[in-house]
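Counting from 1, position 853 in the sequence shown corresponds to residue 1370 in the working numbering; the numbering is continuous, with no gaps. Here the structure comes first, spelled out in structure tokens, and everything after it is commentary.
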Amino acid sequence: MRFIFLSIVLITLSTHVFGQTHRSAPTIDEQPGTSCIGQTHRSAPTISALEDKDEAIRMQAAETLGDISDSEVHAKEAVAALINALNDPMWRVKRNAIISLGKIGSPAAIPALLECLKDENWIIRGKAVHTLGEIGSLEAADAIIRMRKDEDESVQKEAISSLGKIRAVKAIPMLIDILTHSTEDEGIIFGGKDSTPEKYMNLAALSLIEIGTPSTIPLIRILMNKNPRVRQYAAYALGEIRDIRAISPLIEALSEENELPRRDISSALVNMGTTAVPAVLPCLNTNDMDLKGCLVWILGEIGDKRAAQPLIKILTSAKGAASMNDQSILKKTVWALGKIGDKEALPILISWLKNDYRLEESVIIALGRISDEKTVRLFASALQRDDAANLSWEKINDPGIDVLIAATRDQDVEIRRCAVAALGKTRNEKAVEPLIALLNDDDWRTQRNAVIGLGEIGEIANKSVPCLINLLNPSLGIPPTIWTVRGNAAIALGKMNDQSIMPQLIKSLKDEDGFTRCCAAEAIGNLKRRATLAGKGTLTVDKAIVPLIELLNDTDASVQGAAVSALIDIGSSCIPCLLESIDRTNANPPTTNIEQGQALSLQPTNKIHAFTIFGKLHAAQAVDMLINNLLSEESPSNKDKKIAGSAARALGEIGDRRAIEPLIKKLKDVNLTQQWMLPQVIEAVGKLKGEEAIPYLIGFLQQEGAPLSDGSSLAEGEIASVTTSALVNIGTPCVPSLIKALDHGNDTVRANATLALGQLKDKRAVPALTAMLKDKEWYVRSAAVIALGEIADKSALEPLASIAMGDKNEDVRVYASNALGKIDDNEVIKFLMIALDDPNPDIQFNAALALGERGYVEGIQLLIEYLNAKDTVIRKIVINRLTKIGKIAIPALIKAMGHENNVIRKVATDVLTTMGDDAIIQLLQVFQTHDSGKEIVRWYAAIALGSLLEKTQDTELQEKIIMILSRNLNDDSWYGRGGAAIALGNISTNQDALIEALLKGLNDINGVVRTTTVEALGKIGNPRALKMLAILSNNDPESCVRVAAKAAIARIQKQVE
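Shown next, in the form of structure tokens:
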């Protein structure tokens, strides 16, 4: 009843106070001091309540006064009333009064509080000691010191703590005494038999820290105490005080053998910060490896760049001679240099990437801290392989570029080579100067890589042009460079934008080395092609034409090919000179009187290169000459009969119909010993769409390989294949002749004519092709089925279904099932449904593809079963087809996420993530139903939604996905909870509500859910998770959770850094 009454009184008081406060709130017209009067009135009832007969009311009043003492006037009244309450007969009232006096903090209360130290109740004594410490008056120091001998342990602890709060210097000897004697004779210092010395030592150390620098010398004196715990606490306290006088003694104490004190001594020096560095650095020369390791760690934690060079010296002196005993020091040194982050350390750290595999990961991490870890890991990988230049260097950032630049200065030639190759691939302007500097490297491979790199960078590296030209020009007095360097220098120059390049490249066309000549030709072509694409017609290459034509006679086939490509890039301006060269070649005798600037005559067999150029350039002015070379194969200058075939190919590419009649003549006159030129002639007729040649072409549909005059032979069926393509190129005029050819007695002619009609897709051929379904040869029937499928006319439906699907040959039936699927008619469905049950899996598959595309569930479901096919080609076809089917396939794919086969579940999920908003809408519905036995669907649905969230632009759908996933963290099934955690981790959302929900998931009863939640928090990277993750990493019963937690902690810490 008392407590009920008390509550009513307090509510009344609160209402009264609120009313008073509200009525006395200051306004613009109010006189100063009005609000203070209101506050004075406010405290009056509380003070008077201290004299109430009810203990509970007095106790509450004593507590309340400490909270509402918000003015000087009120504080004085409250202090007086609370001091008076210290004489209350009830200890609870006294306790609350002492606490409130501490909150007010008035020195006027000190005498009364000192009297309380004599109270018989240990609670009162303890609170009084604590409050004296809060008030912070040195007057109480002696009295508090005496309280160290109090009979109660808690009072003793309060006394030790309060001495620090009031910064009682006179208490330092006593506090040092506690640290040094607590473990020897507890009875001397503490009253309790069961007291724990460790607690007193900790409190004494904290108080010495609060007292500050006056504690430094006494603490230094006990750094060498025989008790390791004493040494540990002394070091800890000195580190927190941070008095520079302690630096040297702490360094001296580092020779400590015990791990715990040494750790605190090291931490103390770290706390000293940069002021400790000058004293620590000279000590690095010690031979004591334990001491050296501590010093290195200290310097790394401090992070002062003054330590970089001494640490670099440790690595330099140890390089190549690291023993197992050195490993700890070297790892710490590498780590420290990474923490310091001085770029001066890049070269030595890079050199250690290859020096010792045991340090590789430490070096990578350190380099990553200084620059960019992605680049470092890529570079470390490149050092282990031969194709470093083929790695993904293009997206390297500026810090990563700095790593590679530093590596180009390494003494290890392999590191230099690798770095140079990588720098060029970055295409970064910062790489230009370092690469230019390496053009004179002693190692020709490094030199070559620098040249190639400058070429990769291109026009940005224009400043390198003079240096690259020098590499091509031995007359300048520069030592001659190796052929591969010269050649690549020419290629690099071809990628620049500088008019001064051309004369040197033309000169290099006559280089003694074939590779250089080839590269120079390629470079000239590149320059012209790039200028044309850029719309710059100012690049003059006329002086290069004659030297390039002369290269068509080169003894090196690769040089000839490069010259051909370059002349094609130069374009039509080279045609007159080429024609002149051929005229000289055809002259009888060949012309020998050649003026300067005119091209030499071509060797007869090298006219083929000129013909190739004419064809690519569509040189109409060369047609007559090409026709002559086509028809005059008996000419002495045309000993190589391949020239006529090359002329035919060029005529086809030029597209001048004047060539049709000569080509047909060649078709008429050709005999078996000239079959080598048939493909070129037939192909040319097709390109020219020569309808006049159709009768002759039909005859070649039966041609197969035959021996040639030189002993070689054409590939089997090559002529027939080329003929088919030519007929298709000519187009629909061929249809009547091809239909007629279906009655030919030669089965090869029938098959090839059938396939040609299919490619032409002319419906006039359907009746004739339908008749071919009964041909005696199975491959002719197969060709007819394929052709009908390509034409896809409805009239072919019944014959395909009744005749081809019933064929005794399995291949014919497989082709028929595919052909049926291409016919757009509802009548085909019943045949495809029947095919689904065919014993041949290929027929089933074709039927499923066709039905799936039309949206039939039966087809889609069968396609889903093929997601587990061993044949990767089949899987890709199915995935592409399901993706193409789109929205109609979504329900079946969602159902497949519950399939018994894990591969099908996963692939179905992946396919759904490509289907956009339609998939999101249907996936969201999964969470509205809870089908028993299908909980795993929610796992995959959550993962799919997580992926789709990043792809949708619909903000409403994004919000729905987040809501569903967060709700699913509380799903009844662990599948739902685990899937939601994975999805949220992939999204990496940092919303507070979701973080809270994920943190709760760390206590899930299911280990899989805990693991996925841990991984999600690691990906999100919110530091709030670190504490709980640390607990899990040590205490979770499942090892997979512990391992995941440690990985997540490392990931979050890295992101925070």
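Beta carbons: idealized from backbone N, C-alpha and C, even for Gly.
- Inspect the CB distances between the region 1428-1437 and the region 1399-1417 and report whether three or more fall short of 8 Å. yes
- Mind checking which residues open and close the alpha helix (DSSP H) that includes Lys489? Because the chain in this structure spans residues 518 to 1574, residue 489 falls outside the shown range and cannot be described.
- Are the Cβ atoms of Val1198 and Lys1183 separated by less than 7 Å? yes
- Leaving out the 5 sequence neighbours to the left and right, which residues in its chain are closer than 7 Å to Ala600 when beta-carbon positions are compared? Before going further, note that residue 600 is Ile rather than Ala in the sequence given. Result list for Ile600: Ala626, Ala629, in chain order.
- Message: Quick check on this structure: which residue in Gly622, Gly1496, Ser1490 has the alpha carbon closest to the alpha carbon of Ile1478?
- Response: Gly1496
- Task: Output the distance between the C-alpha atoms of Ile1499 and Ile1381, rounded to the nearest integer angstrom.
- Result: 24 Å
- Item | Nearest to Gln1077 (by Cα), restricted to the options Gly1088, Thr1122, Thr1049 | Thr1122
- Query: If you count every other CB in all the chains shown that lies within 10 Å of the CB of Gly1207, and 16 or more means buried, which is it?
  - Reply: buried
- Message: I need the boundaries of the alpha helix (DSSP H) containing Trp1456, first residue and last residue.
- Response: 1452-1466
- Message: By the DSSP assignment, the alpha helix (DSSP H) with Pro778 in it spans what residues?
- Response: 776-789
- Message: Taking 6 Å as the cut-off, is the C-beta of Asn979 nearer than that to any heavy atom in the ligand SAM?
- Response: With respect to the ligand SAM, the structure shown offers nothing to examine, as it has no ligands at all.
- Message: Just to confirm before moving on: does the CB-CB distance between Ala754 and Leu725 stay below 7 Å?
- Response: yes
- Query: With DSSP run on the structure shown, which of helix, strand or coil describes Asp803?
  - Reply: The sequence given here places Thr at residue 803; Asp does not occur at that position. Thr803 falls in the coil class under three-state DSSP.
- Item | N-terminal and C-terminal residue of the alpha helix (DSSP H) that Tyr1332 is part of | 1327-1339
- Message: Does Ile734 pass the burial test, meaning 16 or more other C-beta atoms within 10 Å, or should it be called exposed?
- Response: exposed
- Query: Of the choices Lys860, Arg823, Pro827, Glu773, whose alpha-carbon is the least far from that of Leu847?
  - Reply: Pro827
- Message: Tell me which residues share the same chain as Asp1073 and place their Cβ nearer than 6 Å to its Cβ, disregarding the 5 neighbours each side in the sequence.
- Response: Gly1031
- What separation, rounded to the nearest whole angstrom, lies between the Cα atoms of Ser617 and Leu649? 12 Å
- Item | Straight-line Cα distance separating His1261 from Leu1274 | 15 Å
- Range of the contiguous alpha helix (DSSP H) that encloses Arg944: Arg944 -> no alpha helix (DSSP H), and no H or E assigned at all.
- Item | Trp961, buried or exposed, once every other Cβ within 10 Å from all chains shown has been counted against 16 | exposed
- Item | Cα-Cα separation between Arg1003 and Arg944, rounded to whole angstroms | 21 Å
- Considering only the beta carbon of each residue, do Lys856 and Gly817 sit closer than 7 Å? yes
- Message: Quick test of your reading: Glu675 and Gly643, contact by CB under 8 Å. State the CB separation rounded to the nearest angstrom.
- Response: 5 Å
- Three-state secondary structure assigned by DSSP to Leu1119: coil
- Relative to the C-alpha of Pro1070, which residue among Asn1043, Lys1124, Lys1339, Gln1021 is closest? It should be noted that the sequence gives Asn, not Pro, for residue 1070. Out of Asn1043, Lys1124, Lys1339, Gln1021, Lys1124 has the C-alpha closest to the C-alpha of Asn1070.
- Message: Suppose the cutoff is 6 Å on Cβ atoms and the five residues either side in sequence are ignored; what does the same chain contact list for Ala1079 look like?
- Response: Cys1035, Ala1038, Glu1039
- Message: Once DSSP output is grouped into helix, strand and coil, what is the label at Ala1309?
- Response: coil
- Task: Enumerate in chain order the residues of its own chain whose CB-to-CB distance from Lys1012 is below 6 Å, with the five nearest sequence positions on each side excluded.
- Result: Gly972, Gly975
- Item | Through-space distance from Leu1466 to Gly1518, alpha-carbon basis | 22 Å
- Please list, in chain order, all residues of the same chain as Lys1563 whose beta carbon is under 6 Å from its beta carbon, the five residues on each side excluded. Ser1550
- So what's Thr1072 in DSSP terms, helix, strand or just coil? coil
- Query: Skipping 5 residues on each side, what residues in its chain have a beta carbon closer than 6 Å to that of Leu812?
  - Reply: Val797, Cys800, Leu801
- In this structure, does DSSP put Trp1491 in helix, strand or coil? helix
- Who are the Cβ neighbours of Thr1528 in its own chain at under 6 Å, not counting the five residues just before and after it? Cys1557, Val1558, Ala1561
- Note down the Cα distance separating Asn1418 from Pro1356, rounded to an integer number of angstroms. 23 Å
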